[in-house]
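Below: the structure, in structure tokens.
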Amino acid sequence: EPEGSEIPKIIKDLISHLEKHALRVPGLFRISGSSTTINSVISQFDRGIKVDISKLDNNVVSGVLKQFLRTLKEPLIPFDKFDALLECHDAENQLEAIKNLLSQIPSTNVLILKRLMQLLVKVASHSAENKMTPSNLAIVIGPNLPRERVATTFGEINITTKVSPLVQLMIEKYSEIFPKDPPPTFSKAVPRSSTIGPAKSVSSASMMGSRRVKRDRKALATSNPDPRAKPPPRPPRRPTISGPPTTPSNPTPSKGIPPETVKEPQTEEETCARCSKGIGEEFIELCDKMYHPECFLCYQCSRELTNGYFKYEGNPVCKECRRKSKAPKN
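Following UniProt numbering, the numbering of the sequence shown begins with 1 at its first residue and continues without gaps.
Listed below in structure tokens is the structure:
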């Protein structure tokens, strides 16, 4: 694998598992796997405990992949290219702007991005069964690719409104942006289908440990060094204006779960944090909570948040209530 040799093994193994066993799973990347299990699996990697991916629920595998990308020391779209990425959205020819941007970032990052998009193209080709169209995939994957050096509310809004459409374009125009690997055609029908069962077997290449994870993270960080700044803290949870939910992002310490017991059952239906009714196609997500658009109101005064919002104790508040409560600004 001369071209893929620069891709960290953990990413290759996670993607390969999803390609083999999860392309038809409804809500893949949208439905959150158990955050406790995801954090435990990552903790096991870091502590040198081998994890058999075949024993994991598919939504846990996708959650581990997203969290790995989200917590890289330097994101796939480097810090110094964040503004350039946003400019691609406003460019007259977005396709050429994206191709030009990719020519300016480290080759390892491009290879990882290409492999990730290759997976998303395959997932989208089964959207009739998994309900994950290019647009839905872009909404849940896009926020994990770029990151501001210092997170701001304005930057988070830009990621939601500008980055997701660009990721959708990368999926739909994969063969033009990343040549050589023509994607399968997207399905148009929308029949119902059940999830695939767990894999019966997996190769020894799927058994991963801490040394490889740490080496992979270090390799990605050193491929795009930044001598001016210390490693940034993990970013806060990014709200999603519309689309499916993303995986919780703040790992908590865990003693770990033995590899043979990490498999999780299917997650329950998501509900609105305000009215407790089921969540549909459109929703807003904040701090692991989901709201219907009409229910996304100030937690303290119930005012509509048409002019932006602030987070206070995990809840959305308006500017006036933030000032009264002295809520920390994002």
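Here a beta-carbon is modelled for each residue, glycine too, at the ideal position from N, C-alpha and C.
Residue state for I105 is assigned as coil, using DSSP reduced to three classes. When the five nearest sequence neighbours on each side are left out, the beta carbons in the same chain lying within less than 6 Å of the beta carbon of L102 are those of V110, in order along the chain. Three or more pairs of CB atoms, one per stretch, sit closer than 8 Å, so the stretch 139-154 contacts the stretch 81-89. Following the DSSP letters along the chain, one finds P134 inside the alpha helix (DSSP H) bounded by residues 134-141. By the neighbour-count criterion, in which 16 or more other beta carbons inside 10 Å mark a residue as buried, P293 falls on the exposed side.
Shown here for Q168: same chain residues with a beta carbon closer than 7 Å to its own, the five before and five after excluded, namely P134, S135, A138 in chain order.
If you draw a 10 Å sphere on the C-beta of R70, you find 16 or more other C-beta atoms in it, and that means buried. In summary, D13 is buried, with 16 or more beta-carbon neighbours lying within 10 Å of its beta-carbon over all protein chains present. Only exposed fits D90, as fewer than 16 other CB atoms lie within 10 angstroms of its CB.
With three or more CB-CB distances shorter than 8 Å, the stretch 308-325 counts as touching the stretch 272-291. Within 10 angstroms of the beta-carbon of S107 lie fewer than 16 other beta-carbons, which makes it exposed. Under a 10 Å Cβ-count criterion, Q44 is classified as buried, with 16 or more other Cβ atoms of the shown protein chains found around its own Cβ.
Spanning the alpha carbons of I105 and L297 requires a straight line of approximately 40 Å. Sorting C321, F178, R323 by C-alpha distance to the C-alpha of E96 places F178 at the top. The continuous beta strand (DSSP E) containing Y312 extends over residues 310-312. The Cβ atoms of I159 and G142 sit closer than 8 Å to each other. Close CB contacts of K114 within its chain, under the 7 Å cut and outside five residues either way in sequence, are with F178 (chain order).
Cβ contact annotation for C301 (same chain, cutoff 7 Å, sequence separation greater than five): C318, C321, in chain order. Between the alpha carbons of K20 and L119 lies a gap of roughly 10 Å. The beta carbons of N58 and S32 sit no closer together than 8 Å.
Residue pairing of E92 in beta bridges, as defined by DSSP: absent, with no partner found. The Cβ atoms of A124 and V61 do not sit closer than 8 Å to each other. Closest in C-alpha terms to N130, from the list E282, P26, C295, comes P26. Per the C-alpha coordinates, the member of M290, P165, T37 positioned closest to A273 is M290. Exposure of K180 is indicated by the presence of fewer than 16 other C-beta atoms within 10 angstroms of its C-beta. When C-alpha distances from T36 are compared across R303, L56, E176, the shortest belongs to L56.
As far as DSSP is concerned, L69 takes part in no beta bridge.
Put simply, the backbone Cα of I38 is about 12 Å away from that of V51.
The beta-bridge partner set that DSSP reports for M290 consists of C272, E285.
For V317, the uninterrupted beta strand (DSSP E) run begins and ends at 315-317, by DSSP. Per DSSP, the unbroken alpha helix (DSSP H) holding K20 starts and ends at 9-21. Contact between I98 and L166 holds, with the beta-carbon distance rounding to 6 Å and staying under 8 Å. Going by DSSP, F29 is part of no alpha helix (DSSP H) at all; its letter is neither H nor E.
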